[in-house]
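Visitor:
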Amino acid sequence: MEAHAAAEQHHGPPPANVSSRIDARVLGMLLFIGSEIMLFGSFFTAYFFVRVVNHDSWPAKGTHLPVFVAGINTAILVTSSFTMHWALTSIKRGNRAGMRAGLALTFFMGLTFLLTQIAEYSRIGFAPNDSAFATIFFSLTGLHGMHVFIGLLLLLAATIRAFRGHYTPEHHHGVEIPGIYWHFVDVMWIVVYVTVYVL
Amino acid sequence: MATPPSRRTWNPLRSEQEAFQFLIAAMGYFGAIAIASAFGGVWAGVSVFAVLTVASVAWLLNRNRHLDPPAT
Chain Y
172 MEAHAAAEQH HGPPPANVSS RIDARVLGML LFIGSEIMLF GSFFTAYFFV RVVNHDSWPA
232 KGTHLPVFVA GINTAILVTS SFTMHWALTS IKRGNRAGMR AGLALTFFMG LTFLLTQIAE
292 YSRIGFAPND SAFATIFFSL TGLHGMHVFI GLLLLLAATI RAFRGHYTPE HHHGVEIPGI
352 YWHFVDVMWI VVYVTVYVL
Chain S
232 MATPPSRRTW NPLRSEQEAF QFLIAAMGYF GAIAIASAFG GVWAGVSVFA VLTVASVAWL
292 LNRNRHLDPP AT
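Quick mapping for you: the protein sequence lines, in order, are chains Y and S.
With the numbering used here applied, the first sequence corresponds to residues 172 to 370, in that order.
With the numbering used here applied, the second sequence corresponds to residues 232 to 303, in that order.
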């Protein structure tokens with residue numbers, strides 16, 4: 172009887188069908204990252220075309236990539252994934268201090284990575300319009316840098332909410348979803364670093 | 232009811248835990264290729280790339296073969 176009364180009082184469209192296999196918010200991030208993988212794929216296609224098919228010298232004559240500095244930056248970014256994982260593991264166990272520390276450390280390491288990359292750009296000694304190599308170098312690393320910037324915004328929001336007392340061991344999607352994105356950004360950097368700087 | 236993690240198709244973007252595992256796997260995969268290229272040259276790198284890629288695909292296919300069909 173009560174259910175019938177509640178149904179009569181309900182206005183608006185019926186609730187959307189929800190899959191029991193995956194949360195709608197996680198599905199949204201999954202689809203977004205899928206589109207990002209395609210975007211990075213198009214940039215890597217251009218990269219391999221310039222490097223392999225176009226027979227340009229690699230790296231272009233007179234250019235030198237700061238492999239060591241980028242390697243340190245890679246270590247910083249990879250470490251930030253571990254602190255991100257620590258943050259989520261902490262909140263799942265009810266450890267708020269661990270979550271806050273993990274999120275703050277992840278944010279500051281990501282910021283360090285981005286600032287180091289900007290400093291690298293200012294001292295690298297070539298411009299995007301110097302050669303095809305320079306264009307694709309700045310395109311790939313710049314695209315990744317933009318993703319780090321977006322990740323930092325997500326992390327900042329999660330960190331502020333964490334310090335305001337949000338998130339519980341049962342409800343922590345606000346940490347989990349930026350975490351998935353942050354690991355994706357890290358994996359993409361590993362691919363960029365190995366293919367552009369090392370190989 | 233959610234499917235237990237051990238009985239699901241592996242998806243690196245489903246949860247932070249799986250994304251983190253994927254990151255560790257990517258570090259091992261690309262690290263091995265880079266080390267092989269640095270010490271053994273181009274063809275050593277290509278060989279490690281081929282072996283690891285085939286092994287990864289075989290592991291993935293073998294893992295998914297034993298999973299329950301999706302609940303409908």
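In this text, a Cβ means the ideal position worked out from N, Cα and C, and glycines have one as well.
Which chain Y residues sit within Cβ distance under 8 Å of serine 246(S)?
Guide: Working through the second sequence from its first residue, we reach residue 246(S) at position 15. Within chain Y, the residues near serine 246(S) are Val197, Glu347 and Ile351.
Visitor: Between the beta-carbon of glutamate 247(S) and the beta-carbon of leucine 259(Y), is there less than 8 Å?
Guide: Taking the first residue of the second sequence as position 1, residue 247(S) is located at position 16. Taking the first residue of the first sequence as position 1, residue 259(Y) is located at position 88. Yes; because the gap between Cβ atoms is below 8 Å, this pair is in contact.
Visitor: Looking at C-beta atoms only, is the number of pairs between the region 265-273 of chain Y and the region 185-203 of chain Y that lie closer than 8 Å three or more?
Guide: No, because fewer than three Cβ pairs between the region 265-273 of chain Y and the region 185-203 of chain Y fall closer than 8 Å, the two stretches do not touch.
Visitor: What residues from chain Y crowd round serine 268(S), counting only those whose CB sits closer than 8 Å?
Guide: By 1-based counting over the second sequence, the position of residue 268(S) is 37. The contacting residues are Val369 and Leu370.
Visitor: Going along chain Y in order, which residues have a C-beta closer than 7 Å to the C-beta of leucine 254(S)?
Guide: The residue you call residue 254(S) lines up with position 23 of the second sequence. Per Cβ cutoff of 7 Å: Ser252, His354, Asp357 and Val358.
Visitor: Taking glycine 271(S) as the query, report the chain Y residues whose CB atoms sit under 8 Å from its CB, ordered along the chain.
Guide: Indexing the second sequence from 1 puts residue 271(S) at position 40. Correct list: empty, because the minimum Cβ distance to chain Y is about 13 Å.
Visitor: Going along the chain, which residues of the region 273-285 of chain S sit with their C-beta nearer than 9 Å to a C-beta in chain Y?
Guide: Under the 9 Å Cβ criterion, the region 273-285 of chain S contributes Val273 and Gly276.
Visitor: Between which residues of its own chain and histidine 318(Y) is the CB-CB distance below 6 Å, once the five residues before and five after are set aside?
Guide: Indexing the first sequence from 1 puts residue 318(Y) at position 147. Taken in chain order, the residues that qualify are Val356.
Visitor: Please say whether tyrosine 352(Y) and glycine 322(Y) have beta carbons closer to each other than 8 Å?
Guide: By one-based count along the first sequence, residue 322(Y) stands at place 151. By one-based count along the first sequence, residue 352(Y) stands at place 181. Closer than 8 Å, so yes.
Visitor: Hey, is isoleucine 321(Y)'s beta-carbon within less than 8 Å of any beta-carbon in chain C?
Guide: Protein chains Y and S are contained in the structure displayed, whereas chain C is not.
Visitor: Hey, leucine 283(S) and alanine 257(S): beta-carbon distance below 8 Å or not?
Guide: One-based indexing of the second sequence puts residue 283(S) at position 52. One-based indexing of the second sequence puts residue 257(S) at position 26. Not closer than 8 Å, so no.
Visitor: Evaluate contact between the region 333-349 of chain Y and the region 209-216 of chain Y, counting only Cβ atoms and requiring at least three cross-stretch pairs below 8 Å.
Guide: With a cut-off of 8 Å, the region 209-216 of chain Y and the region 333-349 of chain Y do not count as touching, because too few Cβ pairs lie within range.
Visitor: Mind checking which residues open and close the alpha helix (DSSP H) that includes aspartate 301(Y)?
Guide: In the first sequence, residue 301(Y) corresponds to position 130, counting from 1. No alpha helix (DSSP H) contains aspartate 301(Y), which DSSP labels as neither H nor E.
Visitor: Could you have a look at alanine 231(Y) and say whether DSSP puts it in helix, strand or coil?
Guide: One-based indexing of the first sequence puts residue 231(Y) at position 60. In the structure shown, alanine 231(Y) sits in coil (DSSP, three-state: anything other than H, G, I, E or B).
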